[in-house]
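Since the structure comes first, as C-alpha cells, the remarks are kept for the end.
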Amino acid sequence: MVRPRHRSPRPLGALLLVVSGISAVGAAPVSENADVTTVPLGRVIPAPARVEAAGTPYRLDSGARVVVDGGPEARRVGEYLAGVLRPSTGYRLPVTDRTTGEAGDVRLRSAAHETALGREGYRLRSARSGVTITARTAAGLFHGVQTLRQSLPPVIERDSVQPGPWTVAGGTVEDVPRYAWRGAMLDVSRHFFTVDQVKRYVDQLALHKFNKLHLHLSDDQGWRIAIDSWPRLATHGGSTQVGGGPGGFYLDMKYDKDTPLGLDWAGYVEVRRSYDRDPGAYLDGVPASAVRGVEAPLWTETVVTPADMDRMVFPRLPGVAELGWLPASTHDWNGYRVRLAAQGPRWEALGIGYHRSPQVDWPAW
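The sequence shown begins at 1 in our numbering and counts up by one.
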C-alpha cells in the first residue's frame, strides 16, 4: 500500500508486478545549461533503470499547469502532485484534463499500449517545454511523480513558500521495478502509534516507491484489532505497550555498539550492510525466480516515538527500496552512497530526523 504524505488526504495505490533484467543504472551528469540548484537526472532513490541526460532543463514557473490525460485515478495522482508542489512554490498549479499543449506544463499521460512499462513502470521526459510522465497505470504515474519530486531541489518538500528556482534536468528516465512486493512492516503492537503517525510512515514509504504496508497488529504486549463480537480483546489486550505505557486501538537492529535504540540479536546493521546484498540469492538452493520481493520490518520493542522511528528507519529504508526496485547487477555501493547523501537535505525539509551514519559523506548541517 502506498499513500502520499499526510498534509491532506490523497490517493492510495497497491499493484503487483514481476519484472527482471532491466538495463544498467546511473545518475547522469548535470547539463551544461542547468542551474546550479538542478539535481542531476537520475540522482534519486531507488535509482532508475535507465537514464539519458539530454537538452535544456525544465523550469517550473507560476504559469504551469498539471495536465492529466487519463481517467479518475490518473487525475487523483495529478491532484496529489499539485498538492505536493503548491506549498513550497506558492504557485496555483491548476489540474486540468484539457490536453492542449502549453509550454511549461507538467503532463501525466496514461498509455495502455506501452506494454514495456508493465503495471508499475513509467517514463519521465524533461525538456525546456515541459515534463511528461507516461505510464500504463495510475500506480506507474504515481511512481513517476516520486521521481519528479526527487528531481527537484530538496526544499520543494517544505510547507512554506521557498525562493526556488524549480528546475528539473533535461533528459529521459525509463523505469520498471524488479519485484512486485516492495514492503515495509511496522510493529504497532509493542508500542502504539496513532493513525496520523502511521500515515506519516506510509508517506515516507511512498517517496521511495514501496507498495506494501504490513502492520504487526497483535502480540503479547497488545491486541490492536477491534472485533465487535470480542470487545474485551481490544479493551484489555490493547490497553498497554512495552514498558507499561498506555496503548490504543528489521530496521530495529542497532547501527553500531553506541546506538541508543534498537537490538543486537542479529548483530549490528550499518547502512552498507543493509544495502550490499541480493535478495534473489539470499537463500541457498532457492532460485531468484522464487523470490517475490523484499520487506523491511521495524519491530518496536525500543522504538517509542516517531522520532525514534525516523532514526531507526533512515537511512536504511531507502537501501531496501533500491534492492527491491533494481536488478542485483546494478547495485553499487559507491554510487549509492553519493545519492544517499544527497537525500539528507530532502529528509530535513520533510522533518525526518535520520541517523547520520559515518559511512556516508552527508552535507554539512
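Virtual Cβ for every residue (Gly too), placed ideally from N, Cα, C.
Because the structure is a prediction, the values reported are computed rather than measured.
- Within the model, the alpha-carbon separation for TYR58 versus GLY319 is close to 29 Å.
- Taking all protein chains in view, the Cβ of LEU350 is crowded by 16 or more other Cβ atoms within 10 Å, so the residue is classified as buried.
- A residue is called buried once 16 or more other Cβ atoms fall within 10 Å of its Cβ, and PRO287, having fewer, is exposed.
- Bridge pairing for SER126: VAL131 and GLY171 [DSSP].
- Following the DSSP letters along the chain, one finds HIS214 inside the beta strand (DSSP E) bounded by residues 212 to 216.
- Excluding the 5 residues flanking it on each side, ASP97 has same chain C-beta neighbours closer than 6 Å at VAL68, in chain order.
- Annotation for SER110: the continuous beta strand (DSSP E) segment containing it runs 105 to 110.
- A Cβ-Cβ contact shorter than 8 Å links LEU186 with HIS216.
- Taken through DSSP and simplified to helix, strand or coil, ALA53 comes out as strand.
- Counted as a single uninterrupted DSSP element, the beta strand (DSSP E) harbouring GLU295 occupies residues 293 to 298.
- One thing to note: LEU298 has its Cβ within 8 Å of the Cβ of VAL313.
- By the neighbour-count criterion, in which 16 or more other beta carbons inside 10 Å mark a residue as buried, TYR336 falls on the buried side.
- In this structure, GLU295 lies near HIS214, with their beta-carbon atoms less than 8 Å apart.
- Put simply, the backbone Cα of TRP181 is about 35 Å away from that of ARG232.
- Sequence-distant partners of GLY130 (beyond 5 residues in either direction) whose C-beta falls short of 7 Å from its own C-beta, in its chain, are TYR58, ALA103, GLY104, ASP105, VAL106 and ARG107.
- In the three-state scheme derived from DSSP, where H, G and I count as helix and E and B as strand, ASP69 is classed as strand.
- DSSP links LEU186 through a beta bridge to LEU215 and LEU298.
- Just so you know, the alpha carbons of ASN334 and PRO358 end up roughly 14 Å apart.
- If you check the CB distance, LEU117 and ARG136 come in under 8 Å.
- For ARG59, the uninterrupted beta strand (DSSP E) run begins and ends at 58 to 60, by DSSP.
- For TYR179, the closest C-alpha among the options SER189, ALA206, GLY324 and ASP284 is that of GLY324.
- Cβ contact annotation for LEU60 (same chain, cutoff 6 Å, sequence separation greater than five): TRP166, in chain order.
- DSSP places LYS199 inside the alpha helix (DSSP H), whose first and last residues are 195 to 207.
- Out of VAL168, ARG273 and ASP310, the CA that lies nearest to the CA of ASP332 is found in ARG273.
- Pairing LEU81 with VAL145 gives a Cβ-Cβ distance under 8 Å.
- Per the coordinates, the alpha-carbon of VAL338 lies some 25 Å from the alpha-carbon of ASP308.
- By the beta-carbon neighbour count (other beta carbons within 10 angstroms, threshold 16), TYR354 is buried.
- Closest in alpha carbon position to ALA53, among ILE156, THR172 and ALA74, is THR172.
- In this structure, the straight-line span from the alpha carbon of PRO153 to that of ALA226 is close to 43 Å.
- The beta carbon of ILE156 is closer than 6 Å to those of SER88 in its chain, skipping five residues each way along the sequence.
- One thing to note: ASP310 has its Cβ no nearer than 8 Å to the Cβ of ALA341.
- Distance from the CA of PRO315 to the CA of SER229, rounded to the nearest whole angstrom, comes to 42 Å.
- In the DSSP assignment, PHE142 falls within the alpha helix (DSSP H) that extends over 138 to 151.
- Here the C-alpha atom of GLY222 lies approximately 22 Å from the C-alpha atom of VAL202.
- If you look at GLN359, you'll find it isn't in any alpha helix (DSSP H); DSSP assigns it neither H nor E.
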